[in-house]
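Engineer: Going line by line, the protein sequences match chains A and B.
For the first sequence, the numbering used here gives the first residue as 5, with consecutive numbering after it.
For the second sequence, the numbering used here gives the first residue as 5, with consecutive numbering after it.
Here it is: the structure, laid out below.
2 protein chains.
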Amino acid sequence: MPVVLQGQEAHRAVVSKTASLLTPSPLQNHLLAALPANEFRQLASHLEQVPMRLGEVLCESGSPMQHAYFPTTSIVSLQYVMENGAAAEIAGVGNEGMLGISLFMGGLTTPSRALVQTGGIGYRLPVKVLLEQFHRDGPIARLLLRYTQALITQIAQTGACNRHHSMEQQLCRWLLLTLDRMPTNDLVMTQELIASMLGVRRESVTEAAGNLKHKGVISYRRGHITVLDRAGLNSHVCECYVVVKTEFNRLLPDAPHH
Amino acid sequence: MPVVLQGQEAHRAVVSKTASLLTPSPLQNHLLAALPANEFRQLASHLEQVPMRLGEVLCESGSPMQHAYFPTTSIVSLQYVMENGAAAEIAGVGNEGMLGISLFMGGLTTPSRALVQTGGIGYRLPVKVLLEQFHRDGPIARLLLRYTQALITQIAQTGACNRHHSMEQQLCRWLLLTLDRMPTNDLVMTQELIASMLGVRRESVTEAAGNLKHKGVISYRRGHITVLDRAGLNSHVCECYVVVKTEFNRLLPDAPHH
DNA sequence: TGCCGTCTGTACGGTAGCCCACAGAAGAAT
DNA sequence: ATTCTTCTGTGGGCTACCGTACAGACGGCA
Numbered sequence: 005m006p007v008v009l010q011g012q013e014a015h016r017a018v019v020s021k022t023a024s025l026l027t028p029s030p031l032q033n034h035l036l037a038a039l040p041a042n043e044f045r046q047l048a049s050h051l052e053q054v055p056m057r058l059g060e061v062l063c064e065s066g067s068p069m070q071h072a073y074f075p076t077t078s079i080v081s082l083q084y085v086m087e088n089g090a091a092a093e094i095a096g097v098g099n100e101g102m103l104g105i106s107l108f109m110g111g112l113t114t115p116s117r118a119l120v121q122t123g124g125i126g127y128r129l130p131v132k133v134l135l136e137q138f139h140r141d142g143p144i145a146r147l148l149l150r151y152t153q154a155l156i157t158q159i160a161q162t163g164a165c166n167r168h169h170s171m172e173q174q175l176c177r178w179l180l181l182t183l184d185r186m187p188t189n190d191l192v193m194t195q196e197l198i199a200s201m202l203g204v205r206r207e208s209v210t211e212a213a214g215n216l217k218h219k220g221v222i223s224y225r226r227g228h229i230t231v232l233d234r235a236g237l238n239s240h241v242c243e244c245y246v247v248v249k250t251e252f253n254r255l256l257p258d259a260p261h262h
Numbered sequence: 005m006p007v008v009l010q011g012q013e014a015h016r017a018v019v020s021k022t023a024s025l026l027t028p029s030p031l032q033n034h035l036l037a038a039l040p041a042n043e044f045r046q047l048a049s050h051l052e053q054v055p056m057r058l059g060e061v062l063c064e065s066g067s068p069m070q071h072a073y074f075p076t077t078s079i080v081s082l083q084y085v086m087e088n089g090a091a092a093e094i095a096g097v098g099n100e101g102m103l104g105i106s107l108f109m110g111g112l113t114t115p116s117r118a119l120v121q122t123g124g125i126g127y128r129l130p131v132k133v134l135l136e137q138f139h140r141d142g143p144i145a146r147l148l149l150r151y152t153q154a155l156i157t158q159i160a161q162t163g164a165c166n167r168h169h170s171m172e173q174q175l176c177r178w179l180l181l182t183l184d185r186m187p188t189n190d191l192v193m194t195q196e197l198i199a200s201m202l203g204v205r206r207e208s209v210t211e212a213a214g215n216l217k218h219k220g221v222i223s224y225r226r227g228h229i230t231v232l233d234r235a236g237l238n239s240h241v242c243e244c245y246v247v248v249k250t251e252f253n254r255l256l257p258d259a260p261h262h
């Protein structure tokens, strides 16, 4: 129920750390990087770098967006918020994807909320430009549709995972998916926040995280989780992680960065 | 675990009953009916009427389809099958939609299995024709993309429902969504089959159905469920049903049938 | 340095849904 | 009509996760 986000304590380390790793560039987003150079050029001048702060809501359920977002060092969580206030994450969007599918799918809005789960940088593109490019029905449109299909897989697999797999398995899945979108092994993340995204109690996360810590797979302190043993996570995760990754790789193979 | 489907006992009543209600026509499918007359004409000669029998698998996980399917009196269940054999329905497709999203989204295959949940009639369209029409980027493409977005909502809401709502609520949701795709209040459906689609034990369905029967909302006998009191279902269902219906109506308003 | 807000650990009873086992009943097949 | 398959009802024990409550600890801030 409490989707409480403290805006004060966190989002320090990540911003300074990742920003210093590389000069920010829209090409850190894999979708943008996968475009042919001349297609990318059509967009480049319209892309605006924006800071995405932890806890920021980029889009409320049912409200139209003026921009599509392409995260690079940030991660966005798509969630459905239930009437009683509980939430469930339906998918995550990081440097592999974009936020704003519904803009070109024709609905303009969706029932999902978009919440920044990891602070960082992203690039945004005005709707108008996105739609112009999409309706040229070229590589950009094909790429965005394939991404949408991959996203559907992630949503569906998350739902099936909700049904069948244990807390610990789901936590491992979530950690791995998040890790894949991060440049480091250190997640700035409270258990409270993870719980609200997975749609479970904070105590359940504490227990599952405690187990993983005990096994030496992760370590953590207030607001930070460090993955010590990625293979360990792999051995505890359910099949859902692999299915999603495989489907993403199939639909969006890594393109040579220009 | 047992996704056992007896091909013998069932699918008698429906086939004879619904088939006699109306002369079969592709326009019984709402997507096809929503097309402008001249657009529909482009497809009409390529649409092939096919019987869709209960238990038939129209598409296995990961295998490419040669046709897109537009159910009219039949209903198809999209499911994810887990490694241990358990399944979870991610969405249903009836006369409001189509099967074969991935054909035009660019992936050609999906990790989901398509199983006929209610026997009846459907129309299929060769991939080649579908793609030709889709890439004209006209009303057909826009319609299919809006349908895809609605389907995404259904998938996501189903997943969230898996997480937060009770067996009984989910059963009501499932019954209402199925009912909306049927011409009668009488579902040819075993509890076993419902259980395998919801991804729960048969006993759980028996118990929830028993409650609803006790309250006079439904009645049933071996392999048949009759909804006596639709308002009663509405009062027991979770919000998920309404969210999905609302989003479908928003994205795909009923078009005047030609 | 000390305070205080927030995060993490733990515990305890409650319960929904699981696994297993089996009995009874309906309807199809012969 | 009888048989036989398959579907439905029921019960008992089990586990994961929930709701609630509270204690302890970390770390930002004054």
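We put the CB at the ideal spot given by N, CA and C, even for glycine.
Quick caveat: nothing in here was measured; it's all calculated off a predicted structure.
In terms of residues, what are the limits of the beta strand (DSSP E) holding residue 231(A)?
Structural biologist: Per DSSP, the continuous beta strand (DSSP E) segment holding residue 231(A) begins and ends at 228-231.
Engineer: State yes or no: is the beta carbon of residue 84(B) nearer than 8 Å to at least one beta carbon in chain A?
Structural biologist: yes
Engineer: So the candidates are 93(B), 61(B), 51(B), 100(B); which of them puts its Cα closest to the Cα of residue 249(B)?
Structural biologist: Distances from the CA of residue 249(B) to each of 93(B), 61(B), 51(B), 100(B) were compared; the closest alpha carbon is that of 100(B).
Engineer: With 8 Å as the threshold, decide whether the Cβ of residue 203(B) is near any Cβ in chain A.
Structural biologist: yes
Engineer: Rounded to a whole number of angstroms, what is the C-alpha to C-alpha distance between residue 69(B) and residue 119(B)?
Structural biologist: 13 Å
Engineer: Is the segment 209-220 of chain B close to the segment 150-166 of chain B, with three or more CB pairs under 8 Å?
Structural biologist: As far as the Cβ criterion goes, the segment 209-220 of chain B does not touch the segment 150-166 of chain B, which means the pair count is below three.
Engineer: So, does the CB of residue 245(B) fall closer than 8 Å to a CB anywhere in chain A?
Structural biologist: no
Engineer: Where does residue 15(B) fall in DSSP's three states?
Structural biologist: Any reading at residue 15(B) is ruled out, since the residue's pLDDT is 36, under 50, leaving its predicted position unreliable.
Engineer: What did DSSP end up calling residue 201(B) once you bin it into helix, strand or coil?
Structural biologist: Correct three-state label for residue 201(B): helix.
Engineer: Apart from the five residues on each side of it in sequence, which residues of its chain come closer than 7 Å, Cβ to Cβ, to residue 232(A)?
Structural biologist: 220, 221, 222, 223
Engineer: In the DSSP assignment, find the beta strand (DSSP E) that holds residue 81(A) and state where it starts and stops.
Structural biologist: Per DSSP, residue 81(A) belongs to the beta strand (DSSP E) from 79-85.
Engineer: Of all the options 147(B), 242(B), 46(B), which has the alpha carbon lying nearest to the alpha carbon of residue 177(B)?
Structural biologist: 242(B)
Engineer: Rounded to a whole number of angstroms, what is the C-alpha to C-alpha distance between residue 46(A) and residue 80(B)?
Structural biologist: 42 Å
Engineer: DSSP three-state call for residue 151(B): helix, strand or coil?
Structural biologist: helix
Engineer: Report whether the distance from the Cβ of residue 174(B) to the nearest heavy atom of the ligand NAD is below 7 Å.
Structural biologist: Annotation note on the ligand NAD: not contained in the displayed structure, which lists no ligands.
Engineer: Examine chain A for any beta-carbon lying closer than 8 Å to the beta-carbon of residue 4(B), and answer yes or no.
Structural biologist: Past the edges of chain B, shown from 5 to 262, lies residue 4(B), and the structure says nothing about it.
Engineer: Is there a Cβ from chain B that is less than 8 Å from the Cβ of residue 206(A)?
Structural biologist: no
Engineer: Give the residues of chain B in contact with residue 152(A), contact being defined as C-beta atoms less than 7 Å apart.
Structural biologist: The contacting residues are 109.
Engineer: Find the residues of chain B that neighbour residue 146(A), judging by a C-beta separation of less than 9 Å, and give them in chain order.
Structural biologist: Chain B residues near residue 146(A): 110.
Engineer: Could you pull the start and end residues of the beta strand (DSSP E) that residue 54(A) belongs to?
Structural biologist: That run of the beta strand (DSSP E) goes 52-56.
Engineer: Between which two residues does the beta strand (DSSP E) containing residue 169(A) stretch?
Structural biologist: From DSSP, residue 169(A) is part of no beta strand (DSSP E); its letter is neither H nor E.
Engineer: For residue 233(B), return the contacting residues in chain A, with the cut-off set at a CB-CB distance below 7 Å.
Structural biologist: Near residue 233(B) there are no residues of chain A at all, since even the closest Cβ is about 23 Å away, more than 7 Å.
Engineer: What do you get for residue 53(B), buried or exposed, if any count of 16 or more other CB atoms within 10 angstroms of its CB means buried?
Structural biologist: Exposed, by the Cβ-count rule.
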